[in-house]
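Residue numbers (the UniProt record's numbering): 1 to 215. Glycine residues also receive a C-beta, built at the ideal position from the N, C-alpha and C atoms. So the structure is just underneath, and the comments pick up after that.
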């Protein structure tokens, strides 16, 4: 794990000092934004969000700017240093936590949990959804978006190892096994111009989307 963490720290460090200044695009994921915007309005209390594998904070910052009390977790200290810079520039202050999400513990409960492009094996993903189900408040929503197993054949960027790529069948089964109600679970074809890793490329990418709710 320490080698993987060091690799990601270096990727963020190099990207931050490069031409684009960031490893990912700065705006939030479009599908995530649309789903969250469509959630029922909040009551009197601020809604709480947990952004898992936040990277340099693009989704967490957008959530905080739209009134969510946001906690953002990533295992890369370098990513979080950049995220804090971006949050300060945006005038918001999510709580950034440096930890592996499979080890992190909290007693907090969240109205929304978001996961974008976190690629682990099947069993860790199932374990993660079990943890997410416990972190969700009753009625809370989890949104997961990641590279689909068909992404490689489509020519999309991202991991090439099918063992860490997602399928709707995997996420649906894992969500149901965690006691969640599945509202959407499907593959999405998208323009590579919106790809968070290679925004200047042309072509298509395939993602897996899960939207599920705690009863």
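Asked	Found
Whole-number beta carbon distance between residue 116 and residue 95, since they are thought to touch under 8 Å	Incorrect: roughly 18 Å between the Cβ atoms, too far for contact.
Cβ distance (whole Å) where residue 182 is taken to contact residue 212 below 8 Å	5 Å
C-alpha gap between residue 10 and residue 31, whole angstroms	28 Å
Segment limits, beta strand (DSSP E) that includes residue 125	No beta strand (DSSP E) holds residue 125; the alpha helix (DSSP H) holding it covers 122-135.
DSSP bridge partner residues for residue 141 (one or two, in chain order)	112 and 213
7 Å Cβ shell around residue 20 - same chain, five flanking residues per side excluded	Note that residue 20 has pLDDT 42, beneath the 50 cutoff, so the model's placement of it is unreliable and no number is given.
Ordered list of alpha helix (DSSP H) runs contained in the segment 29-85, each at least 4 residues	30-37 and 58-65
Between the CA atoms of residue 49 and residue 104 - distance to the nearest angstrom	16 Å
Buried/exposed call for residue 18, threshold 16 Cβ in 10 Å	Reliability of the predicted coordinates at residue 18 is poor, the pLDDT of 42 falling under 50, and the value obtained from them is presented with this limitation in mind. Classification for residue 18: exposed.
Limits of the unbroken alpha helix (DSSP H) element including residue 188	Note, residue 188: premise wrong, no alpha helix (DSSP H); beta strand (DSSP E) at 181-191.
Simplified DSSP assignment, three categories, for residue 150	helix
Residue 184 burial status per 10 Å Cβ neighbour count (16 or more: buried)	exposed
Cβ-Cβ separation, residue 148 to residue 207 (assumed contact under 8 Å), whole Å	6 Å
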